[in-house]
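Undergrad: Sequential numbering of the sequence shown, starting at -15, is according to our numbering. Structure provided below as structure tokens; questions to follow.
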Amino acid sequence: MSRLEQFRTRRLLVYESLFTARALFIAGLVIMPALLFNSDTRLRILQFTFFWLLAWLSGKKNNPIVTILVFLGIVVFNLIIPYGQVLFSAGPFKITSGALAAGTGRAATVLGLLMLSRFTIRRDLKIPGLFGELIGESFRIFALVMSEKRRITARNFITDIDQLLLSLSANNADVSQPATISPAAAPAGRTRPAGFFLLAAVVLLSWVPWVASA
């Protein structure tokens, strides 16, 4: 195991030991409106960057190059329908202020929500009730898919997705147990005081950009 992988594993172990899945989930619900209701694109980008950092600190694999490419892809897709002041043009292709601002805002929102979910949703999440069980199972599967997305390649996109889903189905009974965590480092039964303090700080910092834009 490389040093980078060992460092990532240590971050993951600390993350698992400090917080319970329920505390993280509640924190995510409290934070989400701060991103969705923020009308300032620049501050929304700041929130997305903060959530990316949180996901990285929690031991999740975040490839900055892939993240940037996806961000740019969303922006470019929104440039197809130009509106507003023309900033640049090359033949029929035009970059307009309105389309660029809208694309940037949507990219920050989509990727911000994705990174927030990676930080606040764990595979051991359990929500009471039948509906809660369904939602919790969906979140756990989503978290597992995100952790195994490296198995999906552009060359065999459909086949890789099919094999991943078959693997999830075959191992559904073990979905709630993270494969990278040893039995000695099982998820915390209760959120530690330091964990509550850190989550409170994360919530407050997440809402600062919204307050600044109000």
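Note that CB positions come from ideal geometry on N, CA and C, so glycine has one too. Because the structure is a prediction, the values reported are computed rather than measured.
Counting Cβ pairs, one atom from each stretch, are 3 or more of them under 8 angstroms apart for the stretch 96 to 105 and the stretch 72 to 79?
TA: Touching, no.
Undergrad: Taking only three categories from DSSP, how would you classify residue -9?
TA: Note: residue -9 maps to helix in three-state DSSP.
Undergrad: When DSSP labels each residue in this structure, what does residue 198 get in the three-state scheme?
TA: Here residue 198 sits in coil by DSSP.
Undergrad: DSSP on residue 33, reduced to helix/strand/coil?
TA: Looking at residue 33 - three-state DSSP - the assignment turns out to be helix.
Undergrad: Given 8 angstroms as the limit, is there contact between the stretch 64 to 71 and the stretch 25 to 42, that is, 3 or more CB pairs closer than that?
TA: As far as the Cβ criterion goes, the stretch 64 to 71 does not touch the stretch 25 to 42, which means the pair count is below three.
Undergrad: Have a look at residue 0 and residue 187 and give me their C-alpha separation to the nearest angstrom.
TA: Going by the C-alpha atoms only, they are around 18 angstroms apart.
Undergrad: Measure the beta-carbon distance from residue 190 to residue 34 and round it to whole angstroms, keeping in mind my assumption that it falls under 8 angstroms.
TA: That belief holds up - the Cβ atoms of residue 190 and residue 34 are roughly 7 angstroms apart, short of 8 angstroms.
Undergrad: Express the C-alpha separation of residue 179 and residue 185 in angstroms, rounding to a whole number.
TA: For residue 185 and residue 179, the distance between alpha carbons rounds to 10 angstroms.
Undergrad: Of all the options 91, 3, -8 and 14, which has the alpha carbon lying nearest to the alpha carbon of residue 177?
TA: Selected option, being the one with the closest Cα: 3.
Undergrad: Would you be able to state if there are at least three C-beta pairs under 8 angstroms between the stretch 51 to 63 and the stretch 20 to 27?
TA: No: the two stretches stay apart, fewer than three of their Cβ pairs being nearer than 8 angstroms.
Undergrad: Only counting the same chain, and skipping five residues up and downstream in sequence, which positions put a Cβ closer than 6 angstroms to that of residue 31?
TA: The residues are 19, 96 and 193.
Undergrad: For residue 162, is the classification buried or exposed, using 16 other Cβ atoms within 10 angstroms of its Cβ as the cut-off for buried?
TA: Only weak support is given to the placement of residue 162: the predicted model assigns it a pLDDT of 42, under 50, and the value that follows is read from those uncertain coordinates. The residue is buried, with at least 16 neighbouring Cβ atoms inside 10 Å.
Undergrad: Out of -12, 107 and 181, point me to the one whose CA is closest to residue 47's CA.
TA: Out of -12, 107 and 181, -12 has the C-alpha closest to the C-alpha of residue 47.
Undergrad: Measure the CB-CB distance between residue 5 and residue 106 and report whether it falls below 7 angstroms.
TA: Their beta carbons are under 7 angstroms apart, which means residue 5 touches residue 106 by this criterion.
Undergrad: Note down the Cα distance separating residue 50 from residue 92, rounded to an integer number of angstroms.
TA: Whole-angstrom Cα-Cα distance: 14 angstroms.
Undergrad: As a quick exercise: from 94, -8 and 8, pick the residue whose alpha carbon is nearest that of residue 174.
TA: Comparing Cα positions, the closest option is 8.
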